Amino acid sequence: MKKLFDKIPSKYQGRLVPISVFILVFNTQFIYAQAPNPGQYSQAVYNIIEERGYLVPMRDGILLSVDVYRPESQDKFPGILTITPYDNVGPRERARWFARRGYAVVLADSRGRFDSEGDWEPFDYRHKTDGYDLVEWVAKQAWSTNSVGMIGGSYLGWTQWWTASQAPPSLKVIAPAVAPPDPFENIPYQNGIMLGPFVDWASWMSGRTAQVIDEGPYGGFTNSRWEDLLHTPYLNINENRGLKDGEFWKTWVNANLSTDPYWNGMEYQSPESWNKITVPSLNMTGWFDADFPGSPINYLGMKNHGSTSKARRPSLIIGPWSHGLNYRVVAGVDYGPEAKIDLDGYITRWFDYYLKGIENGVPEDPRVYVFIMGPNRWFAEKDWPLPQTKWTDIYLQSNGNANSSRGDGTLNWGLPKTTQNDTYTYDPNNPTPDPYGDHGHIPGAVDASGPALRNDVLVYQTDALNKPIEVTGPIEAILYASTSAEDTDWMVRLVDVGPDGSQMLLGEGVMRARNRDPKNKGKFNAAELSMIKPNQIYRYQINFWRVTGNVFGIGHRIRIEISSSYYPFYLRNLNSGLDNPGLATDRDIVVATQKIYHGSDYPSKIILPIIPKR
Numbered sequence: 001m002k003k004l005f006d007k008i009p010s011k012y013q014g015r016l017v018p019i020s021v022f023i024l025v026f027n028t029q030f031i032y033a034q035a036p037n038p039g040q041y042s043q044a045v046y047n048i049i050e051e052r053g054y055l056v057p058m059r060d061g062i063l064l065s066v067d068v069y070r071p072e073s074q075d076k077f078p079g080i081l082t083i084t085p086y087d088n089v090g091p092r093e094r095a096r097w098f099a100r101r102g103y104a105v106v107l108a109d110s111r112g113r114f115d116s117e118g119d120w121e122p123f124d125y126r127h128k129t130d131g132y133d134l135v136e137w138v139a140k141q142a143w144s145t146n147s148v149g150m151i152g153g154s155y156l157g158w159t160q161w162w163t164a165s166q167a168p169p170s171l172k173v174i175a176p177a178v179a180p181p182d183p184f185e186n187i188p189y190q191n192g193i194m195l196g197p198f199v200d201w202a203s204w205m206s207g208r209t210a211q212v213i214d215e216g217p218y219g220g221f222t223n224s225r226w227e228d229l230l231h232t233p234y235l236n237i238n239e240n241r242g243l244k245d246g247e248f249w250k251t252w253v254n255a256n257l258s259t260d261p262y263w264n265g266m267e268y269q270s271p272e273s274w275n276k277i278t279v280p281s282l283n284m285t286g287w288f289d290a291d292f293p294g295s296p297i298n299y300l301g302m303k304n305h306g307s308t309s310k311a312r313r314p315s316l317i318i319g320p321w322s323h324g325l326n327y328r329v330v331a332g333v334d335y336g337p338e339a340k341i342d343l344d345g346y347i348t349r350w351f352d353y354y355l356k357g358i359e360n361g362v363p364e365d366p367r368v369y370v371f372i373m374g375p376n377r378w379f380a381e382k383d384w385p386l387p388q389t390k391w392t393d394i395y396l397q398s399n400g401n402a403n404s405s406r407g408d409g410t411l412n413w414g415l416p417k418t419t420q421n422d423t424y425t426y427d428p429n430n431p432t433p434d435p436y437g438d439h440g441h442i443p444g445a446v447d448a449s450g451p452a453l454r455n456d457v458l459v460y461q462t463d464a465l466n467k468p469i470e471v472t473g474p475i476e477a478i479l480y481a482s483t484s485a486e487d488t489d490w491m492v493r494l495v496d497v498g499p500d501g502s503q504m505l506l507g508e509g510v511m512r513a514r515n516r517d518p519k520n521k522g523k524f525n526a527a528e529l530s531m532i533k534p535n536q537i538y539r540y541q542i543n544f545w546r547v548t549g550n551v552f553g554i555g556h557r558i559r560i561e562i563s564s565s566y567y568p569f570y571l572r573n574l575n576s577g578l579d580n581p582g583l584a585t586d587r588d589i590v591v592a593t594q595k596i597y598h599g600s601d602y603p604s605k606i607i608l609p610i611i612p613k614r
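When you line the sequence shown up against my numbering, it's residues 1 to 614, in that order.
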């Protein structure tokens, strides 16, 4: 490893932060448990100049509003760009943090929001070219070294990927946190199912400034989510709320397949797009992030398709966090002192290397850091999925009465010799409630015991474990299922059941039946409709969109739950079979009889990523 800070210009020198390395010993083998601690990085040595209200012209003549936070010095500094639709005043404290450490931070209002000109449309293709133009504007300023990085989370992570896909020459590194995947793949649709939180987001974001109705997430819209999202057709939800309805919301509902041209302009997760990206990426997310798929998909996409050696060397950090990163206590669960890390320090370590040219060893850092719940430790890994993963089948079984946590459903390590099925009724007028409450996204490993008591939830679980089992990485469900309706939803969840009866929800996979691809083993296909026949058995291959890194301890049970709703986090499927379920009304509601088959003829199972003992 190169010596740390051996060629640092004096103006960048400051106090140093030591790196922490933890060493664990199992079975006489030395395994390193290592957090993504930053080691040495630029410290706060500068006063700040704050300049507000610059109007920066885009290539179509629209002016975007930017604020600048930069060191008070005659020297030149690298730039850090953030593009946000949430008001560029919001990230100012973070901007000051980086500015004190020798970076010029530029905060831009997105096109059509707050002080920026233009019309607001979340998925306008011009956000891509706006990013390019802003990067090059930063690079041309008198205080700039001509090297620019980007930072931010959620939609601000999107703006980084959109910008990077345009390959602006002055962009050198990006650090996207909780960045969603392509718009149709998670927001607003998850495997074909509209997500309730993004109905609220659409209401909140319907104008130039935030639309607020109450205290709480997303302008207080989550407070009335249960009642409001029962209104049909979904196209009129916000109208029924008595609220201003953004035009993009109507487009979201009507553009219910990924092939709709509306989505095409903002797609970025393809080999062709990744191959245009020249810069390294530091991807950050949490096990409970509602936009989780974006980060691992981008990590793998860049590793396999990035256009430069630097781009093909991405990094991935997954903590025990929700959409808001870097907390010790999440949904009332204390993950210990290691859970909260010096995350901005680690980002600065990256920026020091790629923007300032400080030889601090970043290219030799582990590619992947994962926080494993249970032991509550960070581990440095070589890749994602973890190379040591043992993909393990665990089969559903019952005597035909797996309904609720009081039923007889079991999970077995071997294939059952007989075939059986479990039946439940899915009534859209009485959907299975989710346990997330009025949180804006997913709050964390919430208690799933309430929904599991219902007869419209099938529950399968192992015996109490006699040894710990670590499950870390992608999870897949193979279900053989039928429904009496012409369309429905399938939802599968992973739960950790403790010896004390606690039931912590860890991950989930969902699929709208109409998006099953019969030509590809029953996998989800957002581009096609494959309408099903009532009461016919189909194979569904459901990839969990939110996975886990968790050790199921001695005495714990691994549980799988299956239902057809989890409301209001997911909007209800009315089972109508209409080409666009978003236009269905209460008159179209169909009560469906659902069957899950398992055993020798129909081996429904879960494929778990089990990690050998560390």
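The beta carbon of each residue, even a glycine, is placed where N, CA and C say it ideally should be.
Because the structure is a prediction, the values reported are computed rather than measured.
- Less than 9 Å separates the beta-carbon of Phe184 from that of Ala526.
- Less than 9 Å separates the beta-carbon of Asn412 from that of Ile394.
- The beta carbon of Met491 sits closer than 6 Å to those of Val510, Ser563 and Tyr566, all from its chain and outside the five residues before and after it, given in chain order.
- For Gln190, the three-state secondary structure derived from DSSP is strand.
- Cβ atoms of Leu465 and His556 come within 8 Å of each other, at about 6 Å.
- Non-local C-beta neighbours of Tyr436 in its own chain, meaning closer than 8 Å and more than five positions away in sequence, comprise Ile442, Pro443, Val446 and Phe569, ordered along the chain.
- Within the model, the alpha-carbon separation for Thr129 versus Leu415 is close to 53 Å.
- Here Phe77 carries a strand assignment [DSSP, helix/strand/coil].
- Relative to the Cα of Thr418, the nearest Cα in the group Ser144, Ser405 and Gln397 belongs to Gln397.
- When the beta-carbon positions are compared, Leu574 and Pro433 stay at least 9 Å from each other.
- Secondary structure at Tyr234: helix, using DSSP grouped into helix, strand and coil.
- Check the Cα spacing between Tyr103 and each of Arg546, Val329 and Val45: the tightest is with Val45.
- Take the alpha-carbon of Val547 and the one of Glu476: they are about 9 Å apart.
- Annotated three-state conformation of Leu300 is helix, per DSSP.
- The criterion of a C-beta distance shorter than 9 Å is satisfied by Trp287 and Asn550.
- Annotated three-state conformation of Trp384 is coil, per DSSP.
- Counting only runs of 3+ residues, the beta strand (DSSP E) found wholly inside the segment 261–338 occupies 282–286 and 315–319, in chain order.
- In this structure, Ile347 places its C-beta atom within 9 Å of the C-beta atom of Ala175.
- Measuring C-alpha to C-alpha distances from Val591 to each of Ala108, Tyr218 and Arg572 identifies Arg572 as the nearest.
- In this structure, DSSP gives Arg349 a helical state, which the three-state scheme calls helix.
- For Gly152, the beta-bridge partners assigned by DSSP are Pro176.
- For Tyr218, the secondary structure class from DSSP, reduced to helix, strand or coil, is helix.
- Under the DSSP assignment, Lys250 falls outside any beta strand (DSSP E), being part of the alpha helix (DSSP H) whose first and last residues are Glu247 to Asn254.
- DSSP places Glu51 inside the beta strand (DSSP E), whose first and last residues are Ile48 to Pro57.
- Taking Gly374 as the centre and dropping the five residues before and after it, the same chain places the C-beta of Pro468, Glu470, Asn550, Val551, Phe552 and Gly553 closer than 8 Å to its C-beta, in chain order.
- In this structure, the beta-carbon distance from Leu257 to Leu529 falls below 9 Å.
- When only Cα atoms are considered, Gly577 and Arg100 end up about 58 Å apart.
- Secondary structure at Lys140: helix, using DSSP grouped into helix, strand and coil.
- A direct Cα-Cα distance of roughly 53 Å separates Ser449 from Asn47.
- Counted as a single uninterrupted DSSP element, the alpha helix (DSSP H) harbouring Ala99 occupies residues Arg92 to Ala99.
- For the pair Pro534 and Ser604, the CB atoms are not nearer than the 9 Å cut-off.
- Using a Cβ distance threshold of 9 Å, Leu386 and Pro181 do not count as a contacting pair.
- Taking C-alpha positions only, Glu227 is separated from Asn254 by approximately 22 Å.
- Residues of the same chain with a CB within less than 8 Å of the CB of Asp517, apart from the 5 flanking positions on each side, are Lys523, Phe524, Asn525, Glu528 and Ser530 in chain order.
- In this structure, the alpha-carbon of Ala177 lies about 13 Å from that of Ile83.
- The residue among Asn186, Thr488, Arg70 and Asn88 with its C-alpha nearest the C-alpha of Trp97 is Arg70.
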